[in-house]
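Trainee:
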Amino acid sequence: MSNIKINKRLILSAILSASLSTGFLVGYNPAEAAYRAPSVDYLQTKDDGNIPGDYYVPSTLDNVFWGVLPSRNDKPILHVPSGSTVTFDTVSHEGILEDQGKDPVKYYGQYGVKPEHVLQDAINIAANKKGHDFDANGPHVVTGPVYVDGAEPGDVLKVEVISLTPRVPYGVVSNRHFKGTIPDEMPETPRQENPSYTHPESYGNVSIFTPIQKKGDNNEWFGIMESNGQIMQFPLNPFLGIMGVTPNTDEHYSSVPPTRVGGNIDINELGVGSTLYLPVEVPGAGFYTGDPHFVQGDGEVALTALEASLRGTVRLTVLKKDSPEIPKTNSSSLVQPFAETEKYWIPIGLNEDLDEAMRQSVRESISFISKQLGVDKKTAYAYLSAATDYEVSQVVDKTKGIHGLIPKVDFKDNLSFKLTINNIECPIKIINNVLYVPIDSVSSALKASLITNKDTTTLKFKDNTFSTKINSNVYEMNGISTCTNSAPTLSSEGTIFIPVSTLSEIMGLPVNWSTTGHTIIGISNYLN
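The numbering used here puts the first residue of the sequence shown at 1, with every later residue one more than the last.
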């Protein structure tokens, strides 16, 4: 599993290498001036012509909820046709909360962040006179709802994550009183009676400011923490902790617990290239998102992940209730979230009882393998016990989460795999349980030039140059070499094959996957 996690994080390197190149330096801590984040762009709210989506949603005051989810009575902030891509400027709640003083300029300033390098939308939300109840509401800034044309109750909204880019080169991990995995033990700092945001220290909560830096030969992005002379550095794996559709209720639910229609599901597999399916309960679906993360460990044990603002682009597609693309699980229609990636189907369990969440995820797994793939239940149960990992999504959001990781390649003898790049179908070959694609097919789809010199093959498209060597898992993109710790380039019967994962991990071309019957379909239209 560790190699898979590393590969997911490499997707960020491919995207950031091109997008984060100029800007400012953020000090790690005034007392630790030796540790500094790189010079990068910061993404204030504006449509500067570089927005990748068909539509752009800034997190202005009119576009967000603070601490609650939309209800069926809330007016949509945007109407889009099914199949549209929408770019959201999401805002992290860290730095704007009461226990941090509700003044992000002052809060981040203590770590060396200049006022002009604090996101203006975060400043505006913190200063909003409508206020936020720290004790009653959730912490999250939720952007939406977006009305997707054609969506009706009983349908499914398919959400494909296309791109995720940090808006700032820093984030925060927090542990708060009465919360987290061990609330009676951590944090160790005392909480005063009747704490107030005018004296944020009175809450006694702990927040660790964490910059990001490029490290190592791969120029991979890492979060950096320091304590007592010890440095901890860990790869990034960005994802949106909150993705959901509006529940059929007049009530504004807290943003904290995940629900049957999504919300704060906090599954770290849902990064670039993932696909999430959500059951629609209200006309237009009412999609919303938020709780952006740079990286999160399974469990999210302290309370938060590395919370940090992201610019995220998703494709929103309505699947009518009889669509063969809807995952077949417990009933005739989808009744709770389900996800998939290139490697996995991801059945989800949500319950206040972690054991029951596990049971729910296993039941979803058995039903999916049985109804979608035609395996009898007793064999499906045995297979899951032998070959499927179940991970704790989080244990800190009141409703706890478990997600299974069912490897698609285990069913390769009964499946067909298809890949389309810019509307051109490219053949897939499975070699050593890895999905491969001929590099000449990729070249044709990208309208690229392809040069082979002895054992080195170079692909040039737009302003990019990609190079690979046969039998090597070291790839070069725009002069930067990256070792993937995974499958190498191979030559078979005179054809050079590269792993399909290389498209997103190295070349920055996200591929989103869906399952229709026994066919796995990957689509990349990123350059269109």
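Each residue gets a CB set at the ideal place from its N, CA and C atoms; glycine is no exception.
1. Have a look at M477 and T456 and give me their C-alpha separation to the nearest angstrom.
2. In whole angstroms, what is the alpha-carbon distance linking E352 and V156?
3. So the alpha helix (DSSP H) G263 belongs to, where does it begin and stop?
4. Quick test of your reading: L310 and T165, contact by CB under 8 Å. State the CB separation rounded to the nearest angstrom.
5. With a threshold of 16 other CB atoms inside 10 Å of the CB of L611, please say whether the residue is buried or exposed.
6. Between which residues of its own chain and I531 is the CB-CB distance below 7 Å, once the five residues before and five after are set aside?
7. Please confirm whether V141 and M243 have their CB atoms less than 8 Å apart.
8. In the DSSP assignment, find the alpha helix (DSSP H) that holds P407 and state where it starts and stops.
9. I'd like to know whether the C-beta atoms of S441 and L450 end up nearer to each other than 8 Å.
10. Hey, I208 and V172 are a contact pair by Cβ (cut 8 Å); roughly how many whole angstroms apart?
11. Do S174 and N205 come within 8 Å of each other at the CB atom, strictly closer than that value?
12. Pick helix, strand or coil for L503, following the three-state DSSP scheme.
13. Under 8 Å between the Cβ atoms of A339 and L276?
14. Assuming the contact rule is C-beta atoms closer than 8 Å, P81 and D184 should be a hit. Round their C-beta distance to whole Å, please.
15. How many Å lie between T143 and V64 at the Cα?
16. Going by DSSP, what residue range makes up the beta strand (DSSP E) through A285?
17. Taking all protein chains shown into account, do 16 or more other C-beta atoms lie within 10 angstroms of the C-beta of D99, making it buried, or fewer, making it exposed?
18. In the segment 344 to 387, which residue ranges form an unbroken beta strand (DSSP E) of at least 3 residues, counting only runs that do not cross its ends?
19. Thinking C-alpha only, which one of S227, E188 and D266 is nearest N237?
20. Can you tell me whether F287 is buried or exposed, with buried defined as 16 or more other CB within 10 angstroms of its CB?
21. Please work out which residues of its chain come closer than 8 Å, Cβ to Cβ, to P30, disregarding the five sequence neighbours upstream and downstream, and give them in chain order.
22. Starting from S441, trace the beta strand (DSSP E) in both directions and tell me its first and last residue.
23. Apart from the five residues just before and just after M232, which ones in its own chain have a Cβ nearer than 7 Å to its Cβ?
24. Verify whether the separation of the beta carbon atoms of V295 and A305 is less than 8 Å.
25. Nearest-angstrom Cα distance between T516 and F134?
26. Suppose contacts are defined by Cβ-Cβ distances below 8 Å. Is H403 in contact with I348 by that definition?
27. Rounded to whole angstroms, what's the CA-CA distance from H132 to S196? Just pull it up for me.
28. In the DSSP assignment, find the unbroken beta strand (DSSP E) run with N512 in it and report its ends.
29. Within 10 Å of its beta-carbon, does A387 have 16 or more other beta-carbons around it, so buried, or fewer, so exposed?
30. Find out if the Cβ-Cβ distance for the pair C483, N218 is shorter than 8 Å.
31. With a CB to CB cut of under 6 Å and the five nearest residues on each side skipped, what residues in its chain are close to P115?
32. Kindly identify the DSSP beta-bridge partner or partners of E94.
33. Locate the alpha helix (DSSP H) running through Q120, then write down its first and last residues.
34. Quick check: what's the CA-CA separation for I125 versus V318?
35. Terminal residues of the continuous beta strand (DSSP E) containing K214?
36. The beta strand (DSSP E) with V105 in it runs from where to where?
Mentor: This is what the structure gives:
1. Cα to Cα, the separation comes out at about 13 Å.
2. Each residue's Cα considered, the two are about 25 Å apart.
3. Following the DSSP letters along the chain, one finds G263 in no alpha helix (DSSP H) but inside the beta strand (DSSP E) bounded by residues G262 to N264.
4. About 7 Å; that satisfies the 8 Å criterion.
5. Outside the displayed span of the chain (1 to 528) sits residue 611, for which this structure offers no information.
6. Absent from the structure is residue 531, since the part of the chain shown begins at 1 and ends at 528.
7. Going by C-beta atoms, V141 is not nearer than 8 Å to M243.
8. For P407, no alpha helix (DSSP H) segment is defined; the enclosing uninterrupted segment is the beta strand (DSSP E) at K400 to P407.
9. Using a Cβ distance threshold of 8 Å, S441 and L450 do not count as a contacting pair.
10. The Cβ separation is near 7 Å, so the contact holds.
11. In contact: N205 and S174 (Cβ atoms closer than 8 Å).
12. Here DSSP, grouped into helix, strand and coil, assigns L503 to helix.
13. With contacts defined as CB atoms closer than 8 Å, A339 and L276 qualify as a contacting pair.
14. Contact flag wrong, Cβ pair sits at about 51 Å.
15. The straight-line gap from Cα to Cα measures roughly 4 Å.
16. It spans A285 to V295 - the beta strand (DSSP E) in which A285 sits, taken as one unbroken run.
17. Buried, because 16 or more other Cβ atoms sit within 10 Å of the Cβ of D99.
18. Runs found: 344 to 351.
19. Distance from the Cα of N237 is smallest, within the candidate group S227, E188 and D266, for D266.
20. Buried.
21. Residue confidence for P30 is low, a pLDDT of 36 falling below 50, so the modelled location carries little weight and cannot support an answer.
22. Careful: S441 lies outside any beta strand (DSSP E), inside the alpha helix (DSSP H) at I439 to L446.
23. Answer for M232: M225, listed in chain order.
24. Inclusion of V295 and A305 in the CB contact set at 8 Å is warranted, their separation being smaller than that value.
25. Taking the straight line joining both Cα atoms gives about 44 Å.
26. Yes. Within cutoff.
27. The straight-line gap from Cα to Cα measures roughly 13 Å.
28. Its beta strand (DSSP E) spans residues N512 to T516.
29. A residue is called buried once 16 or more other Cβ atoms fall within 10 Å of its Cβ, and A387, having fewer, is exposed.
30. In contact: C483 and N218 (Cβ atoms closer than 8 Å).
31. Excluding positions up to five away in sequence, the list reads V105.
32. Paired residue(s): none; E94 is not in a bridge.
33. Where Q120 is concerned, the enclosing alpha helix (DSSP H) stretches over Q120 to A127.
34. Whole-angstrom Cα-Cα distance: 31 Å.
35. That run of the beta strand (DSSP E) goes V206 to K215.
36. Counting along the chain, no beta strand (DSSP E) covers V105; the unbroken alpha helix (DSSP H) around it starts and ends at P104 to G109.
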